[in-house]
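A.B. asks:
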Amino acid sequence: MPDHPTNEIVLRANRGLVAIRLALGIAVIAAGSYSLIYLAYPEFAPWAIPGLVVISTYFLFAPQLRLLLTGTAIILTDQGLLARIGDVDFVAWDEISGARIQKWGGLKAIALDLRDPEAVLGRMSPIRRVVLRFYMKTYDGKPMLYGYFVQGGAEHLLQLIQQRLVLRH
């Protein structure tokens, strides 16, 4: 991807929704930490529960934390899309054969049909690559962009992606 892409569209995050989901996730982690640590080992609770909450939140919700802080959900350029809210990071337009709305966890997300998934997976960190490859093989899944976090919703994101795909073909 060039240093200065042209025709860039920055889609902002719905920070309110991100904050609510993040707060609910942290509450679940805190309740689980309490039940695991305080009830079994109350003497460790004052330092272990906050520590477990902070570490778990970082590992489970780092993308949502980054999304809340930066406010940038997706960047569409002439070369492809750079996602801050999905399974993939950068995907070139010629690597996408199609996109559609798919329900995920009761919310609308964008499923990407990739021409060569291995090319996209090759640009990911080893841990994310293994997890996404497992998901794609086990559940016959497609990489997702969590469109419900984008201002305008999944429909708006899908419309912009489809416009770019039509221009590329």
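Here this note's numbering is used: the sequence shown runs in plain steps of one and ends on residue 209. Backbone N, C-alpha and C fix where the C-beta goes; we use that ideal spot for every residue, glycine too.
1) Which value, in whole angstroms, describes the spacing of the CA atoms of Ile141 and Pro86?
2) So the beta strand (DSSP E) Ala67 belongs to, where does it begin and stop?
3) Is it buried or exposed, Val128, if we count other Cβ atoms within 10 angstroms and call 16 or more buried?
4) Classify Asn54 as buried or exposed, calling it buried when 16 or more other Cβ atoms lie within 10 Å of its own Cβ.
5) For Thr112, list the residues DSSP reports as bridge partners.
6) Nearest-angstrom Cα distance between Leu108 and Tyr186?
7) Let me know the alpha helix (DSSP H) ranges lying completely inside the region 153-207, each 4 residues or longer, listed in chain order.
8) Helix or strand or just coil, what does DSSP make of Ile235?
9) In whole angstroms, give me the CA-to-CA distance for Ala123 and Ala80.
10) Alpha carbon to alpha carbon, what distance is there between Tyr98 and Ala113?
C.D. replies: The structure says:
1) For the purposes of this step, residue 141 is identified with residue 101 of the sequence shown, where counting begins at 1. For the purposes of this step, residue 86 is identified with residue 46 of the sequence shown, where counting begins at 1. C-alpha separation (whole angstroms): 44 Å.
2) On the sequence shown, residue 67 is found 27 positions in, with the first residue counted as 1. Looking at the DSSP string, Ala67 is not in any beta strand (DSSP E); the run it does join, the alpha helix (DSSP H), is 55-73.
3) To locate residue 128, count along the sequence shown from 1; it is residue 88. Classification for Val128: buried.
4) Here the question's residue 54 lines up with position 14 in the sequence shown. Buried, because 16 or more other Cβ atoms sit within 10 Å of the Cβ of Asn54.
5) Against the sequence shown, residue 112 aligns to sequence position 72. The partner list for Thr112 (beta bridge, DSSP) reads Arg52.
6) In the sequence shown, the residue the question calls residue 108 occupies position 68. In the sequence shown, the residue the question calls residue 186 occupies position 146. Their backbone Cα atoms lie some 14 Å apart in a straight line.
7) 157-161, 166-178
8) Look at the range of the chain in this structure, 41 to 209, and you will see that residue 235 is not part of it.
9) Position 83 of the sequence shown, counted from the first residue, corresponds to residue 123. Position 40 of the sequence shown, counted from the first residue, corresponds to residue 80. Each residue's alpha carbon lies about 41 Å from the other.
10) The sequence position of residue 113 within the sequence shown is 73, counting from 1. The sequence position of residue 98 within the sequence shown is 58, counting from 1. Approximately 18 Å between the Cα atoms of the pair.
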